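Notes for the one structure printed next.
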Amino acid sequence: MEQIVHVPLGARAYDVVIGPDLVAEAGKRIAPFVSRKKVAVLTDETVAALHLEALRAGLAAEGIEMEALALPAGEATKGWPQFTRAVEWLLEKRVERGDIVIAFGGGVIGDLAGFAASVLRRGVRFVQIPTSLLAQVDSSVGGKTGINAPQGKNLIGAFHQPTLVLADTAILGTLTERDFLAGYGEVVKYGLLGDAAFFDWLEVNAPAMAAGDMALRVEAVARSVQMKADIVARDETEQGDRALLNLGHTFCHALEAATGYSDRLLHGEGVAIGCALAFELSARLGLCSQEDPSRVRAHLKAMGMKTDLADIPGDLPPAEELLRLMGQDKKVVDGQLRFILARGIGEAFVTADVPQDKVLEVLQEALAQSQPA
988 MEQIVHVPLG ARAYDVVIGP DLVAEAGKRI APFVSRKKVA VLTDETVAAL HLEALRAGLA
1048 AEGIEMEALA LPAGEATKGW PQFTRAVEWL LEKRVERGDI VIAFGGGVIG DLAGFAASVL
1108 RRGVRFVQIP TSLLAQVDSS VGGKTGINAP QGKNLIGAFH QPTLVLADTA ILGTLTERDF
1168 LAGYGEVVKY GLLGDAAFFD WLEVNAPAMA AGDMALRVEA VARSVQMKAD IVARDETEQG
1228 DRALLNLGHT FCHALEAATG YSDRLLHGEG VAIGCALAFE LSARLGLCSQ EDPSRVRAHL
1288 KAMGMKTDLA DIPGDLPPAE ELLRLMGQDK KVVDGQLRFI LARGIGEAFV TADVPQDKVL
1348 EVLQEALAQS QPA
């Protein structure tokens, strides 16, 4: 059942191994890369309580000792205070140039641990063991690492590719339904941005996958990772094609900022809503048919996901403020906001040529529909 996706980046190439029960085999998988039988693990308190002893046992099977630091769970961890704590802990543990740091957690831990590894002694190797669906299909692959600033998400960071990624699909069984579905927002994004056949496959198979079918989970993660690997291999530092992976994210980041990066809106939920809005905007600009946004929404709804601004609890700021928050996005070039729009399902493209009044219109309508009648 196991699948391996190779990320071909020359001297920095690596494998993403996808399948059940990889944590139990962590020692065997990591052994070829360690110079001494000792690793430092960064994780969060939730993952630590559920899975840290299993990882310890998996490493011990190969005689690899581990020390671990568990940071608080949640997006708030992804900032300077916990980052400083992690880096200083790694230095205290005398992590050397030839050692390996393991990122054991969701996207927050993966991003923070990867960034810590990138600056520690000017760069040590790290292994990603992503524990959430979102991290398995997105943040653990491709070498983007970083933390958030008060000015916005992921504004401080570095490109630092992992040495290995172990995506244990059995671990997904411990996710809450909400977290699993939030991760699914990133899976469906891959079909929407560049693979209409994958979107067709998801329409048929995603309900059974969400219900726990392991073979379908491995397949969905592998197809998502393969598409990301292909794009990253073409454009590692996001000069062109890699920006396609941000489909839905320009809207999403503004909504996350508007909700204070809180539990009101998880990242993957924002991506799903953002994809629906990006297709709505594309249809409004005459780029795709009106059936496309309807089909996107229908599938997200069938999966029980957030699809509209009305699905976000609490009040949202006016459309003008959301548009201003979009302007803080990293995808701003020469003051121009770049959007990822679509000519159809599976046909996304990057453009800066989007009239702001049209964006405002889409936001205003979405907000109007979210107001109680």
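Mapped onto the working numbering, the consecutive letters of the sequence shown carry residue numbers 988 to 1360.
Note that beta-carbon positions come from the ideal geometry of N, C-alpha and C, so glycine has one too.
Everything numeric in this text was worked out from a predicted model, so none of it was measured.
Assigned with DSSP and collapsed to three states, Val-1082 falls in coil, not helix or strand. If you look at Arg-1112, you'll find it isn't in any alpha helix (DSSP H); it sits in the beta strand (DSSP E) that goes 1112-1117. Shortest Cα-Cα distance from Phe-1326 to any of Leu-1042, Phe-1167, Phe-1266 involves Phe-1266. Using a Cβ distance threshold of 8 Å, Gly-1133 and Asp-1098 count as a contacting pair.
The region 1232-1295 contains, as complete alpha helix (DSSP H) runs of 4+ residues, the segments 1236-1245, 1254-1271, 1278-1289 (chain order).
In the structure shown, the three-state DSSP call for Gln-990 is strand.
Annotation for Gly-1170: no beta strand (DSSP E) segment contains it, though the alpha helix (DSSP H) segment containing it runs 1164-1181. A contact is defined here as three or more CB-CB pairs under 8 Å, and the region 1175-1191 fails this definition with respect to the region 1143-1154. In chain order, Gly-1045 place their CB closer than 7 Å to the CB of Glu-1012, counting only its own chain and leaving out the 5 sequence neighbours on each side. Leaving aside the five residues that flank Arg-1112 on each side, the residues in its chain whose CB is nearer than 6 Å to its CB run, in chain order, Ile-1087, Thr-1150.
With distances taken between CA atoms, Pro-1300 lies nearest to Thr-1246 out of Asp-1340, Thr-1246, Glu-1054. Ala-1270 and Gly-1257 have their C-alpha atoms spaced approximately 20 Å apart.
With a cutoff of 8 Å on beta-carbon distance, Leu-1120 and Leu-1162 are scored as near each other. Excluding five sequence positions before and after Gln-1277, the CB atoms of its chain that fall closer than 8 Å to its own CB belong to Ala-1270, given in chain order.
Taking the Cβ atoms as the reference, Val-1349 lies roughly 5 Å from Leu-1268, within the contact range of under 8 Å.
If you look at Leu-1312, you'll find it in the alpha helix (DSSP H) that goes 1306-1313. Remark: C-beta atoms of Leu-1029 and Ala-1103 approach each other more closely than 8 Å. In the displayed model, Ala-1154 falls within a strand according to three-state DSSP.
Here Thr-1118 is near Val-1034, since their CB atoms are less than 8 Å apart.
Rounded to whole angstroms, Val-1283 and Glu-1243 show a C-alpha spacing of 21 Å. Take Met-1196, set aside five residues on each side of it, and the residues of its chain with a beta-carbon closer than 7 Å to its own are Leu-1203, Arg-1204, Ala-1207, in chain order.
For Thr-1237, same chain residues with a beta-carbon under 8 Å away, outside a window of 5 residues either side, are Gly-1261, Ala-1265, Met-1313, Asp-1316, Lys-1318, Leu-1324, Arg-1325, Phe-1326, Ile-1327 in chain order. The C-alpha of Ala-1355 lies about 44 Å from the C-alpha of Val-992. Rounded to whole angstroms, Gly-1170 and Thr-1064 show a C-alpha spacing of 19 Å. The C-alpha of Lys-1131 is placed about 15 Å away from the C-alpha of Gly-1066. Taking 8 Å as the cut-off, the beta carbon of Gly-1006 is found closer than this to the beta carbon of Glu-989. Of the residues Gly-1092, Arg-1072, Gly-1139, the one whose Cα lies closest to the Cα of Leu-1107 is Arg-1072. Nearest neighbour of His-1254 by Cα position, chosen from Leu-1234, Ala-1100, Leu-1272, turns out to be Leu-1234. Note on the region 1177-1233: whole alpha helix (DSSP H) runs with a minimum of 4 residues are 1183-1197, 1201-1221, in chain order.
In this structure, Gln-1213 is the residue among Gln-1213, Thr-1294, Glu-1308 with its C-alpha nearest to the C-alpha of Gly-1129. Contact between Val-994 and Tyr-1001 holds: their C-beta atoms lie close to 5 Å from each other, under 8 Å.
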